[in-house]
Amino acid sequence: MENIIEVENLTKNFGSFTAVNSVTFSVKKGEIFGFLGPNGAGKSTTIKILCGLLIPTSGKASTFGFDVYRQSEKIKENIGYMSQKFSLYPDLTVEENINFYAGIYRVDPKIRNIRKNDLLKLLELTENRKTIAGLLPAGFKQRLALSCALIHDPPVIFLDEPTSGVDPVSRRNFWRLIKSFANSGKTIFVTTHYLDEAEYCNRISLIYDGRIIELESPYRIKKSYEERFNLKNPTLEDVFIKSIENYRAANNEF
Amino acid sequence: MIEIKNLTKDFNSLKAIDNLSLKVPENEIFGLIGPDGSGKTTLMRMLAGIMNLTAGDILYKDKSIAKNTEEIKAFLGYMPQKFSLYGDLSVIENINFYADIYLVPKKERAETIKKLLSFSNLSDFKDRPADKLSGGMKQKLGLSCALIHKPRILLLDEPTNGVDPLSRREFWNILYDLKTQGVTILISTPYMDEAARCDGIALIDKGKLVFTGSPKKIREEYAGNVIEMITSDNILAFEAVSVLEGVSDASIVGEVLHINTAIDFPPETINNKLREISISIIDKKSIEPTIEDVYIYLTKERQKLPSEDHKK
Ligand SMILES: Nc1ncnc2c1ncn2[C@@H]1O[C@H](COP(=O)(O)OP(=O)(O)OP(=O)(O)O)[C@@H](O)[C@H]1O
Ligand SMILES: [Mg+2]
Chain A
9 MENIIEVENL
19 TKNFGSFTAV
29 NSVTFSVKKG
39 EIFGFLGPNG
49 AGKSTTIKIL
59 CGLLIPTSGK
69 ASTFGFDVYR
79 QSEKIKENIG
89 YMSQKFSLYP
99 DLTVEENINF
109 YAGIYRVDPK
119 IRNIRKNDLL
129 KLLELTENRK
139 TIAGLLPAGF
149 KQRLALSCAL
159 IHDPPVIFLD
169 EPTSGVDPVS
179 RRNFWRLIKS
189 FANSGKTIFV
199 TTHYLDEAEY
209 CNRISLIYDG
219 RIIELESPYR
229 IKKSYEERFN
239 LKNPTLEDVF
249 IKSIENYRAA
259 NNEF
Chain B
534 MIEIKNLTKD
544 FNSLKAIDNL
554 SLKVPENEIF
564 GLIGPDGSGK
574 TTLMRMLAGI
584 MNLTAGDILY
594 KDKSIAKNTE
604 EIKAFLGYMP
614 QKFSLYGDLS
624 VIENINFYAD
634 IYLVPKKERA
644 ETIKKLLSFS
654 NLSDFKDRPA
664 DKLSGGMKQK
674 LGLSCALIHK
684 PRILLLDEPT
694 NGVDPLSRRE
704 FWNILYDLKT
714 QGVTILISTP
724 YMDEAARCDG
734 IALIDKGKLV
744 FTGSPKKIRE
754 EYAGNVIEMI
764 TSDNILAFEA
774 VSVLEGVSDA
784 SIVGEVLHIN
794 TAIDFPPETI
804 NNKLREISIS
814 IIDKKSIEPT
824 IEDVYIYLTK
834 ERQKLPSEDH
844 KK
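First to last, the sequence lines map onto chains A and B.
The numbering of the first sequence is this note's numbering, which starts it at 9 and goes up by one.
The numbering of the second sequence is this note's numbering, which starts it at 534 and goes up by one.
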């Protein structure tokens, strides 16, 4: 299976509003795929569909070979999903939260304990294993949410704004980890509003008004904007802003 | 001016704020930065008058917050990290609701609302219930509700989390605007580019003040050198360089390898090492440290000092 995620003309309507508008793309094994776009562009909606949590209106989509319309159970077994508003149990301890998710995923208790200890160590939470989750600062909660999403060792990981509100040091550590997961063959689908982070992605897609307007490697996308718009050494943030201005102008918004 | 004097806040045995003193000058945009759990939100809550102090004092124009809470709260605007919206009310209903609470005269509303809807890009979604908005749209609606009135002092706790880069720029234009109208703004943020936009900043770590001054001045705290280079293989170069003695940190940012070294680190060491493993250097230059470099340097240094250990 070369393509872990395949999407063709995918559309999602909420009533008369189109949140995702006929998008087509695929994600390869081991790839870090970044999904960037302004607020309300349709990033979370797309992720929820690919995680088997939301039925599309039309089009095709599959994750890990499983169809999002018919095989959402299979999809859930094979993915780790960290939602934008990750749901931890604030009254449970760090360890209890992980155990809880291990239970949902029916992870064998023996394997669970080994993995749990590995994850706690990897995410520097060992000292906090008995801390009540509700009392943790943002960056710790985020690492705990990631541990919960990884306890069943999924081959595909969806991260919806995993670093929102996280300080620069934790963000760097977090991305080192993500890189190492990708190197070990896991496929990562990630959204972020920190464009410096998008540099870690193999490919990024810019989505606007539910439509994909660019899909390239960070390097190529910068080079192409450098040429097209006469920008000098543009950063991804420059590209992001330019692409939206350009899109709005072309579509006569404003 | 806001003056924080020897402020301490204990939660049982944990010192969330530890004898912290800080002055926030009038009519500045003042940034609060620090690692997760360093005490920024606790400090904000005490400044907003919604949390008791354990010891010390907070003075607004020489008036102690403990004795004049209600009077002070009347000219404060506070946006907590988790702002509550009414999920079943529409975007515009939420904004009007807060305008009513803050007693914003009807006449003044229209123009402010127009500006807020433009920054937030929510004009097309005025009638959508807040529950149906995306995460960042909700955050921007919360911000709009907090900015509907014009308090003398505005306290914003990580207002731009989840806000997209374009809206973030426009949000800062609103802050500059408020500043020219005389508002003092205290803002906490995990974004270093936002810290760089402030007039003054304070870095706190483990409840203590590590630095306060201008974003320009914080760069002087950095004792070390920063090198940026492009090589024939940045990933291998990164691995080789980051383990060198005297290299405190290294990261790959796009096409460049960003290296932080000790002050006495001879830069040829890098060239020699890379030659050894047959990696060629395409470009190499020394640069001024960024705020992020300084931030990492200052917070890492403190982690190493055993005497500064966090009280458990
Ligand atoms: N249940 C729903 N009913 C109606 N509209 C919805 C619903 N869920 C999402 N939407 C709308 O779909 C659009 C896309 O939302 P989505 O959450 O996918 O955006 P996003 O790209 O993730 O944005 P953000 O960067 O703010 O997280 C938004 O306009 C949102 O208001
Ligand atoms: Mg989203």
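All residues carry an ideal CB built from backbone N, CA and C; glycine is no exception.
With which residues is E703(B) paired in a DSSP beta bridge? DSSP output for E703(B) lists no bridge partner at all.
With DSSP as the reference, label P662(B) as helix, strand or coil. In the structure shown, the three-state DSSP call for P662(B) is strand.
Based on Cα-Cα distance, which residue from K817(B), P568(B), K833(B) lies nearest to M762(B)? Minimum Cα distance to M762(B) is reached at K817(B).
Under DSSP, the beta strand (DSSP E) around A27(A) begins and ends at which residues? Element bounds for A27(A): 25-36.
Smallest Cα separation from K82(A): which of R184(A), K129(A), Y97(A), L58(A)? Residue L58(A) is the option with its Cα nearest to K82(A).
Is T139(A) near ligand 1, in the sense that its beta carbon is under 8 Å from a heavy atom of that ligand? Not under cutoff, so the answer is no.
State the DSSP-derived secondary structure class of A599(B), mapped to helix, strand or coil. DSSP places A599(B) in the coil class of the three-state scheme, outside both helix and strand.
Measuring only between beta-carbons, confirm whether K648(B) sits less than 9 Å from chain A. Interface with chain A (9 Å Cβ-Cβ cutoff): K648(B) is excluded.
So, is K845(B) buried or exposed, given that buried needs 16 or more other C-beta atoms within 10 angstroms? Confidence at K845(B) is low in this model, with a pLDDT of 34, below 50, so its placement is unreliable and the value that follows should be read with caution. By the 10 Å Cβ count, K845(B) comes out exposed.
Kindly indicate the opening and closing residues of the alpha helix (DSSP H) around M577(B). It spans 573-580 - the alpha helix (DSSP H) in which M577(B) sits, taken as one unbroken run.
So, are the CB atoms of S34(A) and N11(A) less than 9 Å apart? For S34(A) and N11(A), yes; Cβs fall inside 9 Å.
Quick one: Cα of G589(B) to Cα of I583(B), how far? One C-alpha to the other measures close to 16 Å.
Please say whether Y233(A) and V247(A) have beta carbons closer to each other than 9 Å? Against a cut-off of 9 Å, the Cβ pair of Y233(A) and V247(A) comes out as a contact.
Per DSSP, the bridge partner or partners of G88(A): G88(A) pairs with I165(A).
With respect to the beta strand (DSSP E) encompassing A588(B), which residues constitute its N-terminal and C-terminal limits? From DSSP, the beta strand (DSSP E) with A588(B) extends over 588-593.
To which residues of the same chain is I820(B) closer than 6 Å at the C-beta, ignoring the five residues directly before and after it? If we look at I820(B) and ignore the five residues flanking it on each side, its Cβ neighbours are V759, E761.
Which residues are close to ligand 2, meaning CB closer than 7 Å to any heavy atom, in chain order? That gives K51(A), S52(A), Q92(A), D168(A), E169(A), T199(A), S667(B), G668(B), G669(B).
What is the DSSP secondary structure of M534(B), reduced to helix, strand or coil? It is coil, neither helix nor strand.
When you compare the CB of G504(B) with every CB in chain A, is at least one pair closer than 9 Å? Any question about residue 504(B) goes unanswered here, given that chain B covers just 534 to 845.
I want to check one thing, is the minimum distance from the CB of V174(A) to the heavy atoms of ligand 1 below 8 Å? Not under cutoff, so the answer is no.
Can you check DSSP and say which residues form a bridge with V15(A)? V15(A) has F33(A), A69(A) as its beta-bridge partners, per DSSP.
If distances are taken between C-alpha atoms only, which option among V789(B), I707(B), Y593(B) comes closest to E604(B)? E604(B) has its Cα closest to that of Y593(B), out of V789(B), I707(B), Y593(B).
Tell me the residue span of the beta strand (DSSP E) that contains L44(A). Counting along the chain, the beta strand (DSSP E) containing L44(A) begins and ends at 40-44.
If we define contact as Cβ-Cβ less than 9 Å, is V76(A) a contact residue for chain B? Output row for V76(A): interface = no.
Any chain B beta carbon closer than 9 Å to I140(A): No Cβ of chain B is located within less than 9 Å of the beta carbon of I140(A).
Members of the stretch 138-169 of chain A that neighbour chain B once the beta carbon cut-off is set at 7 Å: Going along the stretch 138-169 of chain A in chain order, one finds P145, A146, G147, F148, E169 with a Cβ nearer than 7 Å to chain B.
Within 9 Å, strictly: CB atoms of I46(A) and L655(B): Note that residue 46(A) corresponds to Pro in the displayed sequence, not to Ile. Not a contact, by the Cβ cut-off of 9 Å.
What's the C-alpha gap between T541(B) and D551(B)? Distance between the alpha carbons of T541(B) and D551(B): 5 Å.
Is there a Cβ of chain B sitting closer than 9 Å to that of P176(A), yes or no? So, interface residue.
Can you find at least 3 beta carbon pairs, one from the stretch 564-576 of chain B and one from the stretch 615-626 of chain B, that sit closer than 8 Å? Result no; under three Cβ-Cβ pairs closer than 8 Å.
When the Cα atoms are used, what is the spatial distance from L831(B) to S811(B)? Rounded to whole angstroms, the gap between the alpha carbons of L831(B) and S811(B) is 34 Å.
Using three-state DSSP, classify V174(A) as helix, strand or coil. Correct three-state label for V174(A): coil.
Count the CB pairs spanning the stretch 629-648 of chain B and the stretch 685-701 of chain B that are closer than 8 Å, and state whether there are at least three. With a cut-off of 8 Å on Cβ pairs, the stretch 629-648 of chain B is not in contact with the stretch 685-701 of chain B, counting fewer than three such pairs.
Straight-line CA distance for K806(B) to N210(A)? Their Cα atoms are separated by approximately 28 Å.
Please state the DSSP three-state secondary structure of F798(B). Reduced to three states, the DSSP call for F798(B) is coil.
Tell me whether the stretch 734-742 of chain B and the stretch 785-794 of chain B touch, counting them as touching only if at least three CB pairs, one residue from each stretch, are closer than 8 Å. Judged by Cβ distances under 8 Å, the stretch 734-742 of chain B makes no contact with the stretch 785-794 of chain B, as fewer than three pairs qualify.
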